[in-house]
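> First the structure, which I've put down as C-alpha cells, then a few questions once you've had a look.
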Amino acid sequence: MAWSGAMKKIAAHIRPLVIQRLRYIEEKKILPSDCITWVIESSTTPRQRTVERIVQQIIALTFASAHQLPLALTFTIYNLCLHPEYIEPLTEEIRTMLSLPEEVHYKNMPLMESFLRESARVNSLDALSIQRKVMKPFTFSSGEMVPKGNLIAVPQDALMKSPKYYNNPDTFDGFRFVLPEDRGREEPRMKYTDVSKGFPFWGASRKACPGRWYVSASLKQILVHLLTNYEFKLADDNKALTMGYTTMVIPRHGAKVLLRKLEKSG
Numbered sequence: 154m155a156w157s158g159a160m161k162k163i164a165a166h167i168r169p170l171v172i173q174r175l176r177y178i179e180e181k182k183i184l185p186s187d188c189i190t191w192v193i194e195s196s197t198t199p200r201q202r203t204v205e206r207i208v209q210q211i212i213a214l215t216f217a218s219a220h221q222l223p224l225a226l227t228f229t230i231y232n233l234c235l236h237p238e239y240i241e242p243l244t245e246e247i248r249t250m251l252s253l254p255e256e257v258h259y260k261n262m263p264l265m266e267s268f269l270r271e272s273a274r275v276n277s278l279d280a281l282s283i284q285r286k287v288m289k290p291f292t293f294s295s296g297e298m299v300p301k302g303n304l305i306a307v308p309q310d311a312l313m314k315s316p317k318y319y320n321n322p323d324t325f326d327g328f329r330f331v332l333p334e335d336r337g338r339e340e341p342r343m344k345y346t347d348v349s350k351g352f353p354f355w356g357a358s359r360k361a362c363p364g365r366w367y368v369s370a371s372l373k374q375i376l377v378h379l380l381t382n383y384e385f386k387l388a389d390d391n392k393a394l395t396m397g398y399t400t401m402v403i404p405r406h407g408a409k410v411l412l413r414k415l416e417k418s419g
C-alpha cells in the first residue's frame, strides 16, 4: 500500500507503538486494552501480524469513524439554526452542568441527549444501515429465505421516520426523548447512544457501533463550547442543506453557517 504524505505522518506516529506492543507480546507483558492491542490480537497469521499490515489496519479503523462525527456535528448545528428556540434551554442545561463537580460533567444532560438523538433521527446520514452480502443461503425465523449473493440492509431512515415508532415523525421535536423521570436522576434513561428497533442509527443492539461513545462525548464537548461562546445562523435560509450520494444524505457543499463570538457580560 502506497502512503500519501499525510498517511506517512500518521503511520510514523503509530508504527513505534505497534513495534512496542509486539515486543511486549514476546516479553509476555500485560498489554493495554485499546485499539492497537485488539488489531494485533485479531491478526492470527504471520502474514497478518507484520508491523506494516497492523499499521494499515489501525489507520483503516481510524478512518472508518472519521466521517460520522463531522457529519453528525454539521447536522446538529443545522438543526440548532433551523430551530433556535432550543438554544436557550440547552445553554441553561449546560450552565447547570458546568456548576457541578467536574467528575459528573456531561453525564446528566437529558436535553442535550434528546436533541442529539432527534437530530440523528431526522438526519440518518444513510438510508440503509448494517449492509451485508449473503455468503450462503439463510432463512429467517419468519420464514423468508435470502439466496447467496444477495445484498441486504436495514432501512434505517424509513424506520426512524415511521409512525409505528414515533408520533408526528415528520416533525422535528428536539426534546422528544426527554422523560419525566429524568428529573433528579444522575443520568437520563434515554441517551443518544442507545439502540432500539426504531433507532438503528448505531447498528443492531447485539453488535452496536463501539465508537458511539466517542462520538457522543466529542459532540457534547464541541456543542458546550459553541453554545457558551458563539451565536450562529445559516448564511442563507433558503439554500438547500443536504445532498444525496448513493444511499447517503450528506451536508451540501457550499452551505454556510455564520458564527459570531458572544459578548460576555461583566
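Under my numbering, the first residue of the sequence shown is numbered 154, with each subsequent residue one higher. Ideal placement from N, C-alpha and C gives every residue a C-beta, glycine not left out.
Where does the unbroken beta strand (DSSP E) through residue 284 begin, and where does it stop?
In the sequence shown, the residue the question calls residue 284 occupies position 131. Looking at the DSSP string, the run of the beta strand (DSSP E) that includes residue 284 is 282-286.
> Can you tell which of 398, 387, 402 and 417 has the C-alpha that lies nearest to the C-alpha of residue 411?
For the purposes of this step, residue 411 is identified with residue 258 of the sequence shown, where counting begins at 1. Minimum Cα distance to residue 411 is reached at 387.
> Output the distance between the C-alpha atoms of residue 416 and residue 396, rounded to the nearest integer angstrom.
Indexing the sequence shown from 1 puts residue 416 at position 263. Indexing the sequence shown from 1 puts residue 396 at position 243. Their Cα atoms are separated by approximately 35 Å.
> Which value, in whole angstroms, describes the spacing of the CA atoms of residue 290 and residue 319?
The count along the sequence shown starts at 1 and reaches residue 290 at position 137. The count along the sequence shown starts at 1 and reaches residue 319 at position 166. About 34 Å.
> Taking three-plus beta-carbon pairs below 8 Å as touching, is the stretch 259-274 in contact with the stretch 365-380?
yes
> At what residue ranges does the stretch 251-318 contain a whole run of the beta strand (DSSP E), taking only runs of 3 or more?
282-286 and 304-307
> Between residue 332 and the rest of its own chain, which residues show a CB-CB distance below 8 Å, the 5 nearest in sequence each way excluded?
For the purposes of this step, residue 332 is taken as the residue at position 179 of the sequence shown. Here the set comprises 263, 341, 342 and 343.
> Considering only C-alpha positions, which residue in the set 249, 181, 204 and 182 is nearest to residue 164?
If you number the sequence shown from 1, residue 164 lands on position 11. The option with the nearest alpha carbon to residue 164 is 204.
> For the beta strand (DSSP E) containing residue 402, name the first residue and the last one.
Stepping through the sequence shown from its first residue, residue 402 is reached at position 249. In this chain, the beta strand (DSSP E) harbouring residue 402 covers 401-404.
> So residue 354 and residue 280 are in contact, right, with Cβ under 8 Å, and what is the actual spacing, rounded?
Taking the first residue of the sequence shown as position 1, residue 354 is located at position 201. Taking the first residue of the sequence shown as position 1, residue 280 is located at position 127. Here residue 354 is actually not in contact with residue 280; their C-beta atoms are around 12 Å apart, not less than 8 Å.
> Apply the 10 Å Cβ neighbour rule to residue 398 and answer buried if 16 or more other Cβ atoms are within range, or exposed otherwise.
Against the sequence shown, residue 398 aligns to sequence position 245. Residue 398 is exposed by the Cβ-count criterion.
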